[in-house]
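Residue numbers (my numbering): 94 to 936. Below: one structure, written as structure tokens.
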């Protein structure tokens, strides 16, 4: 080495150190500037919150961050860091106090992270940058700081690991001490014949090969793809929501466009396919194009049992198999289509049963005065009871007061002859319509599955709203009586036997979406046949199936007043007081949210949500809709509480399993002069409407979900639960968040975190005699198996798409299978698909 080299060597490290120091200085100042900007925005939002009567936190924290950032730029570094550190301490204390005030639960660690994470991370990074700028390399202070950061990161990883959703062993060994016979009280066995298993809609199976001891070994047996996707139909929202039906040696599924497939239950191989060729225009008015189930009827004639004659292959190039001359079609599958057809298919061959209706089809649009294809159509499938096919229909929400009728009709399952037509405004269901006449317009409709009890000779109908959901000033008393009601009608005649109204004069869209469930209970020592009705409001009503009288206490609770102009609201609403409320967080009293529930991933979006809360009108779940520009908060929400998936009931453990969503809507009534969108039937189309027109009322309506600027719910998690309630004692046995953020996240970016925050969910549970409850439903793509008695997660299977459907189970050749459709839900923004996924134990 030369003398010049030796002289210059020490200068290189010194120059590098100086560059590094400058780099850390500018990093420090940049972070300080960022904190100052964050502080300025937080302070300004805090001023708004304080003027609304809200918390002082945002104003004070914003001032600390702003002052700290400014002082850092003015070279007053120690006071700056002190103020910034004070902001972190204040944030932590405030967050813990507010969350503890709501009642602590593990999922609110996500809320804690959202409140504290960004501020803490930025301040810590600023402090480190200052340290690295002012302290030379190798100094003890640097080592201690790096050690502290490493320890904090380890703690975060450990916390994530502790919160990570994982399976557990069952609490007890499985023992089937009291076998339940299929059909003994409405339970399914080797077959699954309807959406709810049987016409009792209990969603319970007596099968137990898959049980708490064996479910951990469950594996995929086969997957079938229908190829019915929404890729070419941007104006239609898809979600099949289908529960397969298993009869004999075939498994039947239907798709959003009402295609029907008969599959081999063991292999998933298609035996036949039928495509009714439903036009896209008939699917546009639907909230989602769905086909929740097909229906099955066997007329009992042994002449129709020759599989060699009936099971015949489809002919290439032909939609569905070619009819075989002379076939009697004694076993039938029925599918209702979006364009208003009820079609009978031979269950084994898949061809149209020409002896049913008019050449195999009943025209469900007859007497409806639709004005547009798909305005009213059945998406839930028929109930078969007493030789009848009983169907209601969905009617597109918030379009017009004179919407198509909510009539529920019963057709002869063999001939297709109309037997009766029940409607809130029809005194005689058996009276035929005069030529050219239509059923009463705008009456309450029954859009979900209907329940039936042939022993009692009754069908049980859960109704929704009359036409125009959010304003009811021109409804009749009879329409209000039958709105959001459980209605028992005579199975043979359709005559009303009793009615129980769950919401008085509904202007919130609190339809009774879940199918009524038939149960056997003991009240005061006497056995009773009961109807359990789960509702969007979170109420669980237990009614005498013969009389409609409540079997458990129902109270009258006072409700907020101040309706929209021209409307009225009831001064009270019925509240079930025996069972916990499952509308929000499952608990004894209905949850009411407040400003402390505002959620965000940063102070900015959290403060904006809090301001939004203060601007909205909110006085509980029955806050009347308003014309104020900020609107009212509708909570539990239009998909909140317990929805169309219904519940499952274990008759041995006496547990009712339900899932619910906790996700508000922001509802605004718009004066008629502001509404430019045309209604369906008047040249309008649902996909084109910015404001739902509510034609025939003084107002249009908007009701988007209450979201932050990052596309996250503005209320803190959990956003969905699964719960178990003892039907005899009313006790909440267990409850836990359902779903994770694995497939969702801010701005639609999946987090890939399996932290059980709970998500909005649609689709019900399957409960089995094996002590296992299966459910998909959540926004992450998993099918889960819980121990029914304890709520422990025993198993989960990854689905290829969103599982917004109810799973089912069946037995075939001595092997038990669990099946779920995974097609996603366009409005839920879950992964789209066209899959039927079936699981079984290893052979």
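Note that beta-carbon positions come from the ideal geometry of N, C-alpha and C, so glycine has one too. A quick note: this is a predicted structure, and the numbers were derived from the prediction, not measured.
Practice item. Sort out for me which residues DSSP pairs residue 624 with in a bridge. Key: One-based indexing of the chain shown puts residue 624 at position 531. As a beta-bridge residue in DSSP terms, residue 624 pairs with 611 and 636.
Check your understanding: Between which two residues does the alpha helix (DSSP H) containing residue 211 stretch?
Key -> Start at 1 with the first residue of the chain shown, and residue 211 comes out as number 118. That run of the alpha helix (DSSP H) goes 201-227.
Check your understanding: Which ranges does the beta strand (DSSP E) cover as unbroken runs of at least 3 residues, wholly within the region 641-673, from first to last along the chain?
Key -> 647-651 and 665-669
Review point. What residue from 635, 709, 701 and 476 has the CA that sits closest to residue 801's CA?
Key: Along the chain shown, one-based indexing puts residue 801 at 708. Closest by alpha carbon: 701.
Point to revise | Bounding residues of the alpha helix (DSSP H) (the contiguous stretch that carries residue 984) | key: The first residue shown for the chain is 94 and the last is 936, placing residue 984 beyond what the model contains.
Check your understanding: For residue 905, which three-state DSSP category applies?
Key -> Indexing the chain shown from 1 puts residue 905 at position 812. In the three-state reduction of the DSSP assignment, residue 905 falls in the strand class, which pools E and B.
Exercise for review: Rounded to whole angstroms, what's the CA-CA distance from residue 381 to residue 919? Just pull it up for me.
Suggested key: Here residue 381 corresponds to residue number 288 of the chain shown, with the count starting at 1. Here residue 919 corresponds to residue number 826 of the chain shown, with the count starting at 1. Near 8 Å, if we compare the C-alpha coordinates of residue 919 and residue 381.
Point to revise | Selected residue, minimal CA-CA separation from residue 181, among 153, 815, 897 and 871 | key: Here residue 181 corresponds to residue number 88 of the chain shown, with the count starting at 1. That would be 153, whose Cα lies nearest to the Cα of residue 181.
Exercise for review: Enumerate in chain order the residues of its own chain whose CB-to-CB distance from residue 450 is below 6 Å, with the five nearest sequence positions on each side excluded.
Suggested key: As a first step, residue 450 is located in the chain shown; it is residue number 357 there, counting from the start. Result list for residue 450: 509, in chain order.
Check your understanding: Going by the CB atoms, is the gap between residue 494 and residue 560 shorter than 8 Å?
Key -> By one-based count along the chain shown, residue 560 stands at place 467. By one-based count along the chain shown, residue 494 stands at place 401. Result yes, Cβ atoms of residue 560 and residue 494 sit closer than 8 Å.
Review point. DSSP on residue 833, reduced to helix/strand/coil?
Key: Locating residue 833 in the chain shown gives position 740, where the first residue counts as 1. Three-state DSSP puts residue 833 in coil, outside helix and strand.
Point to revise | As assigned by DSSP and simplified to three states, the class of residue 275 | key: Reading the chain shown from its first residue, position 182 is the one you call residue 275. Note: residue 275 maps to coil in three-state DSSP.
Exercise for review: Would you list the residues sitting across from residue 915 in a DSSP beta bridge?
Suggested key: Against the chain shown, residue 915 aligns to sequence position 822. According to DSSP, residue 915 bridges with 928.
Practice item. Compute the Euclidean distance between the alpha carbons of residue 728 and residue 757, then round it to the nearest angstrom. Key: Taking the chain shown and counting its residues from 1, the one referred to as residue 728 is at position 635. Taking the chain shown and counting its residues from 1, the one referred to as residue 757 is at position 664. Near 5 Å, if we compare the C-alpha coordinates of residue 757 and residue 728.
Review point. Can you tell which of 194, 231 and 185 has its C-alpha closest to the C-alpha of residue 211?
Key: Numbered from 1 along the chain shown, position 118 holds the residue referred to as residue 211. Taking only the C-alpha atoms, the option nearest residue 211 is 185.
Point to revise | Alpha carbon of residue 328 to alpha carbon of residue 655, nearest angstrom | key: Reading the chain shown from its first residue, position 235 is the one you call residue 328. Reading the chain shown from its first residue, position 562 is the one you call residue 655. A direct Cα-to-Cα measurement between residue 328 and residue 655 gives close to 37 Å.
Check your understanding: Nearest to residue 704 by CA position, among 676, 720 and 139, is which residue?
Key -> Position 611 of the chain shown holds residue 704. Distances from the alpha-carbon of residue 704 to those of 676, 720 and 139 put 139 closest.
Check your understanding: Considering residue 242, what are the terminal residues of the alpha helix (DSSP H) in which it resides?
Key -> Against the chain shown, residue 242 aligns to sequence position 149. Where residue 242 is concerned, the enclosing alpha helix (DSSP H) stretches over 233-256.
**Study point:** residue 126 versus residue 112: straight-line alpha-carbon distance, rounded
**Key:** Working through the chain shown from its first residue, we reach residue 126 at position 33. Working through the chain shown from its first residue, we reach residue 112 at position 19. Rounded to the nearest angstrom, the two C-alpha atoms are 21 Å apart.
**Study point:** residue 812: first and last residue of the uninterrupted alpha helix (DSSP H) it sits in
**Key:** Working through the chain shown from its first residue, we reach residue 812 at position 719. Per DSSP, residue 812 belongs to no alpha helix (DSSP H) and is neither H nor E.
Review point. Just the Cα atoms here: how many angstroms apart are residue 187 and residue 712?
Key: One-based indexing of the chain shown puts residue 187 at position 94. One-based indexing of the chain shown puts residue 712 at position 619. Using only the alpha carbons, I get a separation of about 25 Å.
Check your understanding: Could one say the Cβ of residue 936 lies closer than 8 Å to chain C's Cβ atoms, at least one of them?
Key -> The displayed structure is made up of one protein chain only, and chain C is not part of it.
Point to revise | Supposed contact pair residue 130 and residue 934 - C-beta distance, whole angstroms, cut 8 Å | key: The residue labelled residue 934 in the question sits at position 841 within the chain shown. The residue labelled residue 130 in the question sits at position 37 within the chain shown. Not really, about 58 Å apart at Cβ, beyond 8 Å.
Check your understanding: Can you pull the DSSP bridge partners for residue 759?
Key -> Along the chain shown, read from residue 1 onward, the residue named residue 759 stands at position 666. Paired residue(s): 726.
Review point. Which stretch, first to last residue, makes up the beta strand (DSSP E) that contains residue 436?
Key: The residue you call residue 436 lines up with position 343 of the chain shown. Where residue 436 is concerned, the enclosing beta strand (DSSP E) stretches over 434-439.
**Study point:** Cβ shell of residue 768 (< 8 Å), same chain only, five flanking positions each side left out
**Key:** As a first step, residue 768 is located in the chain shown; it is residue number 675 there, counting from the start. Excluding residues within five positions, the ones whose Cβ falls inside 8 Å are 784, 786, 787, 792 and 793.
Review point. Could you give the C-beta distance for residue 683 and residue 714, rounded to a whole number, given that I count them as a contact under 8 Å?
Key: Reading the chain shown from its first residue, position 590 is the one you call residue 683. Reading the chain shown from its first residue, position 621 is the one you call residue 714. Right, their Cβ atoms sit about 6 Å apart.
Review point. With 16 other CB atoms within 10 Å as the buried threshold, where does residue 370 fall?
Key: Position 277 of the chain shown, counted from the first residue, corresponds to residue 370. Exposed.
Exercise for review: Helix, strand or coil for residue 328, going by three-state DSSP, please let me know.
Suggested key: On the chain shown, position 235 is the one that residue 328 refers to. The three-state secondary structure of residue 328, taken from DSSP, is coil.
Review point. Taking DSSP as the reference, what is the three-state secondary structure of residue 298?
Key: Looking up residue 298 in the chain shown gives position 205. In the structure shown, residue 298 sits in a strand (DSSP, three-state: E or B).
Practice item. Determine the burial state of residue 200: buried for a count of at least 16 other Cβ atoms within 10 Å of its Cβ, exposed for fewer. Key: For the purposes of this step, residue 200 is taken as residue 107 along the chain shown, with counting starting at 1. So residue 200 counts as buried.
Review point. Given residue 147, which residues of its chain have a CB within under 7 Å of its CB, disregarding the five upstream and five downstream residues?
Key: Position 54 of the chain shown, counting from 1, holds the residue named residue 147. Excluding residues within five positions, the ones whose Cβ falls inside 7 Å are 688, 703 and 707.
Review point. What residues in its chain sit with their C-beta under 6 Å from that of residue 293, if we drop five residues either side in the sequence?
Key: Numbered from its first residue, the chain shown carries residue 293 at position 200. So the qualifying residues of the chain are 279 and 611.
**Study point:** Nearest-angstrom Cα separation, counted from residue 927 out to residue 487
**Key:** Locating residue 487 in the chain shown gives position 394, where the first residue counts as 1. Locating residue 927 in the chain shown gives position 834, where the first residue counts as 1. Computed Cα separation, rounded: 23 Å.
**Study point:** First and last residue of the uninterrupted beta strand (DSSP E) at residue 449
**Key:** Position 356 of the chain shown holds residue 449. It is not in any beta strand (DSSP E) - residue 449 carries neither H nor E in the DSSP assignment.
Practice item. Out of 165, 168 and 132, point me to the one whose CA is closest to residue 156's CA. Key: Your numbering for residue 156 matches position 63 in the chain shown. Among 165, 168 and 132, the Cα nearest to that of residue 156 belongs to 132.
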